[in-house]
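Line by line, the protein sequences are chains A and B. Using my numbering, the letters of the first sequence correspond one by one to residues 27 to 161. Using my numbering, the letters of the second sequence correspond one by one to residues 16 to 106.
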Amino acid sequence: MIYDVIVVGAGAAGVGVGVALKHAGIENVVILDRHQVGASVAAWPAETRFITPSFPTNSIGMLDLNAVAIGVSPAFSPGVEHPTGQEFANHLKGVAQFFELPVQTGVSIVRRIMRDGGRWPPFHDQATADPGDWF
Amino acid sequence: MVDGRRFTTKQPPILATGFEGSGKLVRDLFEAREDGYPLLSAKDESTITPGMFLCGPSVRHEQHVFCFIYKYRQRFAVVAKAIATNLGLPA
């Protein structure tokens, strides 16, 4: 299977850009995640919550601060102002299902191969992954 | 603590250790800015790996920091439009 677009990661950014790709009419897409949708935020400590508040203001034209796509809102579902990581992960799963995003979970990328047959370094090569404070 | 000391509080401790992104896994695919963050084109594409776009809280342009969802989500449409244009789709 050759995809037009591969999105790596099904967190807030991956799900959000996945919806944007769909709205742009790009259909041959796959979104891959090593674990599951929203796994990184789901792993937050139970006490950790979003700083930015979610308000149900979409209906008056002010997109929820924590919305990853037009029309979605953690303030509407799951209906919380400061989501926990688990709540937000569940929200992302709902967004992915609602927009029927082509997510494949449990997929670890181990190597990227360039179009000309050359090889990039392994994706999870700790030797090249400087533990410094990069991004 | 590893040295055997014990710190006790009645309140849950406040976690203030920050968040570590996974961008370091692809740092070889991007040039670095002076501040260490990835250098991106105006369409959030790598300047050395054509077709590799970056989305999320590590996106920075000049002095603009797209660290929160309500900031970096503004770039999703930019990336989607760039890819759609590359694919010959009207967007």
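Backbone N, C-alpha and C define an ideal beta-carbon position, used for all residues, glycine too. Predicted model only: the values in this text are computed from it and were never measured.
Contact belief for residue i with residue j at Cβ below 8 Å, rounded distance in angstroms
i: F91 (chain B); j: V43 (chain A); result: 5 Å
i: V63 (chain A); j: K119 (chain A); result: 5 Å
i: A39 (chain A); j: Y87 (chain B); result: 7 Å
i: F68 (chain B); j: E77 (chain B); result: That belief does not hold up - the Cβ atoms of F68 (chain B) and E77 (chain B) are roughly 18 Å apart, past 8 Å.
i: L47 (chain A); j: I98 (chain B); result: 7 Å
i: V133 (chain A); j: R60 (chain A); result: 7 Å
i: T110 (chain A); j: T74 (chain A); result: 7 Å
Contact list for residue i against chain A, beta-carbon separation under 8 Å
i: K96 (chain B); result: A50
i: R21 (chain B); result: The contacting residues do not exist; R21 (chain B) stays about 20 Å from chain A at best.
Beta-carbon proximity list for residue i, same chain, < 8 Å, skipping 5 on both sides
i: S103 (chain A); result: H117, G120
i: L91 (chain A); result: T78, P79, S80, F81
i: T56 (chain B); result: Just to set this straight, residue 56 (chain B) is Ser in the shown sequence, not Thr. Around S56 (chain B): T62.
i: Y29 (chain A); result: N54, V55, V56
i: E49 (chain B); result: none
Partner residues on chain B for residue i, Cβ-Cβ distance less than 7 Å
i: L58 (chain A); result: Neighbours of L58 (chain A) on chain B: none; closest Cβ ~13 Å, over 7 Å.
i: G120 (chain A); result: Within 7 Å Cβ-Cβ: nothing; G120 (chain A) doesn't reach chain B, min ~16 Å.
i: A38 (chain A); result: I84
i: V43 (chain A); result: C70, F91, V94, A95
i: P71 (chain A); result: L30
i: T83 (chain A); result: Those do not exist, as T83 (chain A) stays about 12 Å from chain B at its closest Cβ, beyond 7 Å.
Residues near residue i by beta carbon distance below 6 Å, same chain, minus five either side
i: A95 (chain A); result: G42, V45
i: E46 (chain B); result: L54, T62, I63
i: Q112 (chain A); result: A68
i: P72 (chain B); result: C82, Y87
i: L102 (chain B); result: none
i: A32 (chain A); result: Residue identity differs from the one stated: residue 32 (chain A) is Ile in this sequence, not Ala. Once the five neighbours on either side are set aside, the close Cβ partners of I32 (chain A) are V56.
i: K96 (chain B); result: A106
Closer than 8 Å: residue i CB and nearest the ligand FMN heavy atom
i: A68 (chain A); result: The model on display carries no ligand, and the ligand FMN is accordingly not part of it.
Residue i burial status per 10 Å Cβ neighbour count (16 or more: buried)
i: F124 (chain A); result: exposed
i: F81 (chain B); result: buried
i: S85 (chain A); result: exposed
i: V129 (chain A); result: buried
i: V182 (chain A); result: Outside the shown range of chain A (27 to 161) lies residue 182 (chain A), about which nothing can therefore be said.
i: F34 (chain B); result: exposed
i: K25 (chain B); result: exposed
Proximal residues of chain A, C-beta to C-beta of residue i below 9 Å
i: A99 (chain B); result: L47, A50, G51, I52
Within chain B, partners of residue i - CB distance below 8 Å
i: T74 (chain A); result: L30
i: T78 (chain A); result: F83, I84, Y85
Neighbouring residues, chain A, relative to residue i (Cβ below 7 Å)
i: L102 (chain B); result: D30, I52
i: A107 (chain B); result: This structure cannot settle anything about residue 107 (chain B), because the visible part of chain B is limited to 16 through 106.
Chain-order list of residues whose beta-carbon lies under 7 Å from that of residue i (same chain, five-residue window excluded)
i: A101 (chain A); result: S80, F81, P82, D90, E107
i: S99 (chain A); result: S80, P82, N84, D90, A93
i: Y52 (chain B); result: S73, R75
i: Y85 (chain B); result: none
i: M16 (chain B); result: none
i: L104 (chain B); result: none
Contacts of residue i in chain B (Cβ-Cβ under 9 Å)
i: L91 (chain A); result: F83, I84, Y85
i: V98 (chain A); result: The premise fails here: V98 (chain A) is roughly 10 Å from chain B at the closest Cβ pair, so nothing lies under 9 Å.
i: V94 (chain A); result: I84, R88, F91
field: 4 or more residues per run - each alpha helix (DSSP H) lying fully within the stretch 31–64 of chain A
entry: Counting only runs of 4 or more, we get 38–49.
message: So within the stretch 94–124 of chain A, which uninterrupted alpha helix (DSSP H) runs reach at least 4 residues, ignoring any that extend past its ends?
response: The stretch 94–124 of chain A contains these whole alpha helix (DSSP H) runs: 111–124.
task: Please list the segments of the beta strand (DSSP E) lying wholly inside the stretch 40–96 of chain B, counting only runs of 3 or more residues, in order along the chain.
output: Entirely contained in the stretch 40–96 of chain B, not one beta strand (DSSP E) run reaches 3 residues.
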